[in-house]
Structure formats: structure tokens, C-alpha cells
Amino acid sequence: MPVPSTRRQKFTVGGMITSFHNFLLADKVLYGVLGVIIFLVFWQALSWIFNAMIVASPLATINALFALLTETKTWEYIMITLFRLIVGLFLGSIVGLLLGLAAGTNKKIRQVLEPIKWTSMTIPAIVISIMAMLWFGMGSEQVIFVVIIIVAPITYVNAMEGRFAIDEKLIEMGRCFNLPLKMFFREIYLPGIAASVIAGFALTAGMGVRVVVLAEFMGAHDGIGYGLSKSYMYLDTPELFAWILISLALLGLLEFGIMKPLKTHMMRWKKGGNLS
Amino acid sequence: MIRFQKVFKSFSGHMVLNNLSFDIETNTVVSILGPSGIGKTTILRLISGAINPDFGVVEVTGKKIGYIFQDPRLLPWRTARDNVALGLIAEGKPKDESRRIAAGWMKKLDLEGFEDYYPGELSGGMMQRVSIGRALAIEPDILLMDEPFSNLNVELKKTLMTMLESIFEEYQTTVVYVTHDISEAVRISDKILSILPGSVTEEIQPDDFQKLMQNSCIDEYESDLTKKRKKEPMFTKKVTAI
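Chains as they are written, first to last, in the numbering used here: chain A, 1 to 276; chain S, 1001 to 1242.
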């Protein structure tokens, strides 16, 4: 039967600081909560300083948010934006991934794609959005197109860097064992670039949310961006802030609902130490 | 049957193989001996098809080639069993069957219970055994081994050598074994192919100790020479026209 320990720890100031530090480290959430509190205090202070029409207070925003969430239209808009975002992110990532892999493997392809990459990375999202409105009109096509154009170059760069990081010896091993092209992709290239691409996804998802909202603001009759533009036109600042909170929630959903589980699954081989 | 006919191979202007010719008969175990930098690994890479010769002909009879590298070269994101099954799946065997065969090989290589471990969780010796399993699981017509035990301790080396010897007895296959170690070559081979400077080859029977000793002296002399060459690259040749 296990005997409970009766040993007592000495009480020292240094020990107390270490315990407090360990407590903070052990509970990462605490730091997050601290950040939120600082942000809310800062926000409240701004709403006192400026006119309510310029900065809505946290309380007014929360009220507006609840009012919005009771409307069916709001949920419809959220679902539309989510659909556009996921389709845009998916297609943009696929395009970037394939081109990045090709460019990382073949120098000539890389040289051909380099000017296109720089062009698409330097043109502001608003310009792409205006052009997309001319080509596709108002609606989902233009929003998805803008997301693809913004997301693809970022994924392209990450995939290319990931391809460079793959050990050439593994590729030679694959050749020696006559792996077919499909297996090369599944067994070597895709897992090899996964770390780099997934790390870039956090940036891509954030960029995607910003761009989809911007594109909807500019040229759509529905979605979160459209909701924002409507609040802006009616100068309904609390509702405008509430839509911003909804955009943030969308980003959180992408990060914690899709990206984190995906990362954990793809990187499960990195757990633990070895037996040597 | 493996046949090299007047093979030339250079890397970045440095000639590694210079008019190399030799034959290896089917179902024999041949060790290739020679000093560092003489092109032993290049010979294996040419046989495997990973690289092509600049000039000359490399003929290889036999479809399936298993390769045990100096370092294990395992896929870090696949379990030990999936690494062993890699070649089988590449051949087009169903996944379940490949995994079953792989598990059998892992048992044979004393790795039972580690099937679901990732390479990063295994010791160096275990990883090398997984790599041996990967090469043997496809039941190769030709097995290429590039100093597979050079990074392992003496005890582990002995155990794996004994293991491989019993496997070679069980399965008839052509083995090309690159090594520095004459005792390993004598122990395992039917024939020893000594590569001398200038890609000159000499066939030696494993029991011809006198010749082995002579070549060993050449090896030592050449090793010293290689060290000197690194300081002063005096023998660098460029392939221009042949």
C-alpha cells in the first residue's frame, strides 16, 4: 500500500516566485485571459475618449452581437462567408501546393513562376477585388477568386520551401525502390512539405478571412462583409463592431476547428523520444 | 547478372569511375572492396538506376532491387511496419497483405512489438534493421548493401551479420556488398571485387589471403593518398571527349 509523503517543502521567497511562475506556465490559458482583459480595458478606454459613433463600447457591441445572432439572416451570411472562405482557401491551397512542389523540384518551372508570384504578392487585395468584380460581377465567384489569388502565392512559397527541406536521400531511396509517382506524392512529397505548409496555414487562414470580408464588402449582396458594409452605411457602429467579432470567431473556428486538429494528425509522428 | 562495360561517371567535373568493367553472376554474394572515394557507392547507385553512367553500359538482369543504405533512410512519418511495407506497396501488392508480410519480416529481424513505432522512437540499430526489412521484404533479385553496419557498434554488427547470413542461405539472391572491412567481406562473400585506383578491378577469392593482404596495403596507401588529395587536388580530371 502506498505511503503518503509527509515531507514538507521549505518556504522561501525564491521558491514562492518559482511556484507562481510554474503555475502561470502550467496554465497557459491564464496568459490568454490576461491578454483579453488588457484588450477590453483598452477598448473601453477608447470608447470613453471618442464618440460612441466612432468607437462603440464593449457592452454596446455585445448587445448588438446578441441582437444580430437572433436573426436568421446573420446565420445565413455567416454560412455564405464560411463557404466562400473554405472553397477559396481549399482551391488556393491546392493551386499553391502543386505549383510550389513543381517549382521546388524543377528550377525552370521556378524561374517561370517567379514573376507571377511577385506580381500576385504585391498587387493589393482591393485592386484584385475591383478587377474580379469587372470579370465576374457581384457575388460568390469574385469573392472566391480574390481569396484564391491571395492565398495561392503564400501556399506556393511554403510548399516550395518545404520541398527544399525534404532530404534528397529520401528521394533517392524512393527512386531505388521504384515508387510510382502517386506514391512519391503520398509518401514523400506531401508529408515532407506538411510541416511548412501547415505552419503557413495560420497566416493563410487569417489572410483569407480578411480578404473574403473585403471582397464581400466591395462586391457582394450577402455575407459578413456585406453585413459590415450595411452597418457602415447606416452608421450603426455597435453592429459594425459586432460583425468584426463574428469575423474573429470565424478565424478562431478555422484555427481551432480545422487547422489545429489537422496539424496534430499530420505531425503525430513527431511525438516522443527514441530508444537509443 | 550484372555487367559493367567501360563505364565512366563523373560528378561536377571530378571523374569517379574511369572505364570500369566487371561482371557479377546471378545468385552470388560479391563484396566490393576499395578505399574511400574510389566510387563504390556510385557503383551501387548505377546498379539501382538512381543515376545513369556518363558513358558505357550498365546491364542489370533482375527486376526487383533491394537497397540497404549506409544510413537507414526511413520515412520519419511512417511507422516501422509501413516503412518495411513500402517496397511491397510500390510493387502493387494490396496494403493489408503488404503490412502482413512486413510484420513477418519484423518478427524475423527481432523487431516484434515495434511495428507501430515511428523511426524517431527507435534506436539506431533498430532503424537499420527496419531498413534491412524494407530491402528484404520485396524478395529482391539483387540486394545492394552500402556499408550498412558502419555506424553500428561491434556487437550489433555481429548480430546483424549472422542474421543476414542465415537469410542469404534461405533466399537465393545476388548480393553486392560494399565494405571497407576485409573480415566482413571474407565472411560473407563468394567473391571479392577489389577496386583499385584508376577503376582497375581485381577479382579475389575470399580464401586468397595473400592477395587480400596486398590489396589491403594498397587500401591503406590509397587512404593516405586520398587524404593528401583533399589538401592538394592533384588528380582532378575533367571528362571532355572520349
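We put the CB at the ideal spot given by N, CA and C, even for glycine.
When the beta-carbon positions are compared, S/M1127 and S/V1178 stay at least 8 Å from each other. Bounds of the alpha helix (DSSP H) holding S/T1159 are V1154 to E1170. Of the other Cβ atoms in all chains shown, 16 or more fall within 10 Å of the Cβ of S/N1083; this residue is therefore buried. A/V55 is the residue among A/V55, A/Y31 and A/L30 whose C-alpha sits nearest the C-alpha of A/F42. Of A/N51, A/I62 and A/L179, the smallest CA-CA separation from A/L40 is found for A/I62. Taking one beta carbon from each stretch, the stretch 74 to 82 of chain A and the stretch 222 to 238 of chain A have 3 or more pairs nearer than 8 Å; the two touch. Closest in alpha carbon position to S/P1076, among S/E1170, S/N1151, S/I1192 and S/G1120, is S/G1120.
Contact between the stretch 1034 to 1047 of chain S and the stretch 1171 to 1185 of chain S is present, with at least three C-beta pairs closer than 8 Å. The C-beta of S/I1142 has 16 or more other C-beta atoms within 10 Å across all chains shown, which makes the residue buried. With the criterion set as a beta carbon lying under 9 Å from some beta carbon of chain S, the members of the stretch 177 to 209 of chain A are F177, N178, L179, P180, M183, E187, I188, P191, G192 and A194, in sequence order. Around the beta-carbon of A/T264, fewer than 16 other beta-carbon atoms lie within 10 Å, marking it exposed.
Counting along the chain, S/L1074 sits inside no alpha helix (DSSP H), nor does DSSP assign it H or E at all.
Residues are counted here when their Cβ sits less than 9 Å from a Cβ of chain S; for the stretch 153 to 172 of chain A these are D167, K169, L170 and E172, given in chain order.
Pairing A/G96 with A/V147 gives a Cβ-Cβ distance that is not under 8 Å.
According to DSSP, A/D236 shares a beta bridge with no other residue.
Annotation: A/K270 is outside any alpha helix (DSSP H) and is labelled neither H nor E by DSSP.
Contact annotation: S/V1057 and S/I1047 have beta-carbon atoms that are not nearer than 8 Å. Judged by beta-carbon spacing, S/L1122 lies beyond the 8 Å limit of S/A1085, meaning their Cβ atoms are not closer than that value.
The secondary-structure analysis by DSSP pairs S/V1200 across a beta bridge with S/L1196. Around the CB of A/T155, 16 or more other CB atoms lie within 10 Å, so the residue is classed as buried. In terms of beta-carbon proximity, S/S1048 lines the interface with chain A, with at least one pair separated by less than 8 Å. If you ignore the 5 residues before and after A/I128, its C-beta comes within less than 6 Å of the C-beta of V146 and I149, all in its own chain and listed in chain order.
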